[in-house]
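Engineer: Listed in order, the protein sequences are those of chains X and F.
Everything in the first sequence is counted per this note's numbering, starting at 961 for the first residue and increasing by one.
Everything in the second sequence is counted per this note's numbering, starting at 12 for the first residue and increasing by one.
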Amino acid sequence: MEATITLTVDGRAETVTVDTRTSLLDALRDRLGNTSPKKGCDHGQCGACTVLLDGRRMLSCLALAVAHDGADVVTARGLADGDRLHAIQEAFIDHDALQCGYCTPGQVCSAVGMLDEAAGGSPSHVTADLTAERGLGDLDDDEIRERMSGNLCRCGAYVNIVAAIREVVGTTVDAQATTAAR
Amino acid sequence: MKPFDYQRATTPDGAVALVSDRPGAVYLAGGTNLVDHLRLGIVGPDLLVDVNRLPLDEVGATEDGGLRIGANVRNSDLAAHPAIRRDYPMLAQALLAGASGQIRNAATTAGNLLQRTRCVYFQDVTTPCNKRDPGSGCTAIGGYTRYHAILGASEHCIAVHPSDMAVAMVALDATVAVLGRNGERSIPVEELHRLPGDHPERDTVLEHGDLITAVVLPPPLGAGWRCTYRKVRDRASYAFALVSVAAAIRVEDGRVADSRISLGGVAHKPWRAVKAEDALRGAVVGDESFAAAAGAELAAASPVEGNEFKVPMARRTIVSVLRELAGQSGESR
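In structure tokens, the structure reads:
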């Protein structure tokens, strides 16, 4: 069975007819030519296919395209503002947070989604006090590691991935403090 | 993957009618388990009824002071909900111990409950499995059993239900609201899942077409209770439990006045440790009572070759959690 769906992908409206079995990942890659999200395990275990789906980080391999008609999808490709990379992308480069790069688009999307969650006060498994008000400033390395655990990196760039995210957390918190002080 | 039709349900009753009328129809919620199983060829429905846009995504107070959690509330939203964090911290902890950030954003409350009880052989269509293919045999027995059951298993199946959330809900005496062909009914979460017996292909007591619309939590345990959820696993994060314990106790005058204990990772269903609770009632607080309670529950344990370690692991985890809860310090809440 086929279905025609409309997606906004990285800011662009796309209409595509897909078999109902098509994952969002395959729709993006094979039908819309957006190879930014990667197919790692295709079983929801590695995180390489992570995109921002209606603003939240999701595994596009476990999403059926037909079920997301009308959705807004942002891939790592769409995070940049023209030639200006997203702060997370810049930090990944600065910190050498990758080797082969295959997991990187998923890592980057996951990190962006994760920072939004943390800024919104969401707790994690390693959050000691579930009832305390929390924000980005509370993201220590343990929190970053726990919250990024859905993204595997077989090259083992984890140490630098944590450092890259830590830097973005720091500059964001500093910028907020400066703005608040004005 | 076998071809299937897709329909988006617009009302709960409409969803129930669509699935009830078609033997090969299944519900699609977050899809984190179903889509994987479609791809693996474990299931082959001919119709997916998408319930994601049904208005079942609210968390609201019930008349008796409990909470009604809509079936579609995402695991991450439930874990972050202020009332859950404040009044049911054991449930928030359990949710946050499960899966990954991405999966918690997609997975729903009802979908988490209805994820399949499973094991690696269930997921490998090249091997016999009584759950996937009734009567074909169990490859796990005599195979790799590290993640398998030590309680309530049968000669036909030793798979475990992997949910963390459900373990806490069982300890909290939660119920599910189920909409079926003949109207609504309520089932305790503890009675939702089955032991494998002679029919490991059936994970739950639900009938074809039944739709979980909500999970209802009783009023919070309240003053004097302390509770926690602890998960023991091979990796620090994003791994199934080897053993998990949801526990709450109320201590009065140095004795356990009341307790709630359930276990994950040990059985075909979230396991309410009634024998341990009975043993604890009125017992003097201390390791001796805690070990006796754990021993009472685990006396019936029947591990298979390769997962014997789970029995002492479960015993020690129960004792450790109770010790933490009974003490005035520690990380419990």
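The beta-carbon is built from N, C-alpha and C at its ideal position, and this holds for glycine as well.
Computed from a prediction, not measured in an experiment: that's the story for all the values here.
Which residue from X/THR1064, X/TYR1062, X/HIS1055, X/SER1084 puts its Cα closest to that of X/VAL932?
Structural biologist: Only positions 961 to 1142 of chain X appear in the structure, and residue 932 of chain X is not among them; the question remains open.
Engineer: Under the three-state reduction of DSSP, which class applies to F/ARG344: helix, strand or coil?
Structural biologist: Low local confidence applies: a pLDDT of 43 at F/ARG344 is under 50, so the model's placement there is unreliable, with the coordinate-based value given in what follows. Coil at F/ARG344, not helix or strand.
Engineer: Of all the alpha helix (DSSP H) runs that stay within the bounds of the stretch 207 to 255 of chain F, which reach a length of 4 or more residues?
Structural biologist: none
Engineer: Which two residues bound the contiguous alpha helix (DSSP H) that contains X/GLY1073?
Structural biologist: 1064 to 1079
Engineer: Quick test of the definition: if touching needs 3 or more C-beta pairs under 8 Å, does the stretch 93 to 112 of chain F touch the stretch 248 to 268 of chain F?
Structural biologist: yes
Engineer: Return the CA-CA distance between X/ALA987 and X/LEU967, expressed in angstroms with no decimal places.
Structural biologist: So the two alpha carbons sit approximately 10 Å from each other.
Engineer: Does the beta-carbon of X/CYS1060 have 16 or more other beta-carbons within 10 angstroms, so that it is buried, or is it exposed?
Structural biologist: exposed
Engineer: On a Cα-Cα basis, can you pick out the residue from F/GLY276, F/GLY191, F/GLY112 that is closest to F/ALA177?
Structural biologist: F/GLY276
Engineer: In the stretch 990 to 1009 of chain X, which residues sit with their C-beta less than 8 Å from some C-beta in chain F, listed in chain order?
Structural biologist: Taking 8 Å as the Cβ-Cβ cut-off against chain F, the residues of the stretch 990 to 1009 of chain X that qualify are ASP1002, HIS1003, GLY1004, GLY1007.
Engineer: Could you spell out the range, first to last residue, of the alpha helix (DSSP H) harbouring F/MET176?
Structural biologist: 176 to 182
Engineer: Relative to chain X, which residues along the stretch 27 to 41 of chain F have a C-beta separation below 7 Å, given in chain order?
Structural biologist: LEU39
Engineer: Any idea which residues DSSP pairs X/MET1018 with across the strands?
Structural biologist: BP columns for X/MET1018 point to X/VAL1011.
Engineer: Can you find a C-beta in chain F that's less than 8 Å from the C-beta of X/VAL1129?
Structural biologist: Not closer than 8 Å to any Cβ of chain F, the Cβ of X/VAL1129 fails to qualify, so no.
Engineer: Is the beta carbon of F/GLY148 sitting closer than 8 Å to the one on F/PRO139?
Structural biologist: Yes, they are a contact pair.
Engineer: With 8 Å as the threshold, decide whether the Cβ of X/ARG1016 is near any Cβ in chain F.
Structural biologist: yes
Engineer: Do the CB positions of F/THR73 and F/ASP214 come within less than 8 Å of each other?
Structural biologist: no
Engineer: Looking only at its own chain, which residues have a Cβ that is under 6 Å from the Cβ of F/VAL226, when we skip the five neighbours before and after it?
Structural biologist: ILE80, THR120, ALA185, VAL187
Engineer: Using the beta-carbon of each residue, which ones in chain F are nearer than 7 Å to X/HIS1085?
Structural biologist: LEU107, ALA108, SER248
Engineer: Taking F/ALA2 and F/ARG326 to be in contact with their CB atoms under 8 Å, please state how far apart those CB atoms are, rounded to whole angstroms.
Structural biologist: Nothing about residue 2 of chain F can be read from this structure; chain F reaches only from 12 to 344.
Engineer: Out of curiosity, what's the CA-to-CA distance linking X/GLU1103 and F/SER313?
Structural biologist: Taking the Cα positions, X/GLU1103 is about 38 Å away from F/SER313.
Engineer: Identify each residue in the stretch 1105 to 1117 of chain X for which the Cβ-Cβ distance to at least one residue of chain F is less than 7 Å, and report them in chain order.
Structural biologist: Going along the stretch 1105 to 1117 of chain X in chain order, one finds GLU1106, ARG1107, SER1109, GLY1110 with a Cβ nearer than 7 Å to chain F.
Engineer: Buried or exposed, going by whether 16 or more other CB atoms sit within 10 Å of the CB of X/THR1115?
Structural biologist: Going by the sequence as given, residue 1115 of chain X is Cys instead of Thr. Answer is exposed; the Cβ neighbour count stays below 16.
Engineer: Measure the C-alpha to C-alpha separation of X/ARG1126 and X/LEU1099 and round it to an integer number of angstroms.
Structural biologist: 8 Å
Engineer: What residues in the stretch 101 to 133 of chain F have a beta carbon less than 8 Å from any beta carbon of chain X?
Structural biologist: ALA103, GLN104, LEU107, ALA108, ALA110, SER111, GLY112, GLN113, ILE114, ASN116, ALA117
Engineer: Find the residues of chain F that neighbour X/VAL1068, judging by a C-beta separation of less than 9 Å, and give them in chain order.
Structural biologist: Under the 9 Å cutoff, chain F gives no residues; its nearest Cβ is about 13 Å from X/VAL1068.
Engineer: Please state the DSSP three-state secondary structure of F/GLN18.
Structural biologist: strand
Engineer: Which residues in chain F sit within 9 Å of X/ARG1094, going by Cβ to Cβ distance?
Structural biologist: Ordered by position in chain F, no residue passes the 9 Å Cβ test against X/ARG1094, which lies about 10 Å from the chain.
Engineer: Using DSSP's beta-bridge definition, name the partner residues of F/TYR38.
Structural biologist: F/VAL60
Engineer: For X/GLY1073 and X/ARG1037, which I take to be in contact (beta-carbon distance under 8 Å), what is that distance rounded to the nearest angstrom?
Structural biologist: Actually they are not in contact, since the Cβ atoms of X/GLY1073 and X/ARG1037 sit about 15 Å apart, beyond 8 Å.
Engineer: Ends of the beta strand (DSSP E) at X/THR968?
Structural biologist: 962 to 969
Engineer: Is it a yes or a no for the stretch 199 to 211 of chain F touching the stretch 163 to 171 of chain F, going by three-plus beta-carbon pairs under 8 Å?
Structural biologist: yes
Engineer: Per DSSP, F/LEU78 forms a beta bridge with which residues?
Structural biologist: The partner list for F/LEU78 (beta bridge, DSSP) reads F/ALA72, F/LEU228.
Engineer: In chain F, which residues lie less than 7 Å from X/ALA963 when you measure between Cβ atoms?
Structural biologist: TYR17
Engineer: Just to confirm my understanding: we take F/GLN18, look at its own chain, exclude 5 residues before and 5 after, and list those with CB closer than 8 Å. What are they?
Structural biologist: LEU29, LEU58, LEU59, VAL60, ASP61
Engineer: Is F/ASN63 close to chain X? Criterion is C-beta to C-beta, closer than 8 Å.
Structural biologist: yes
Engineer: Give a yes or no on whether 8 Å exceeds the smallest Cβ distance from X/THR980 to chain F.
Structural biologist: yes
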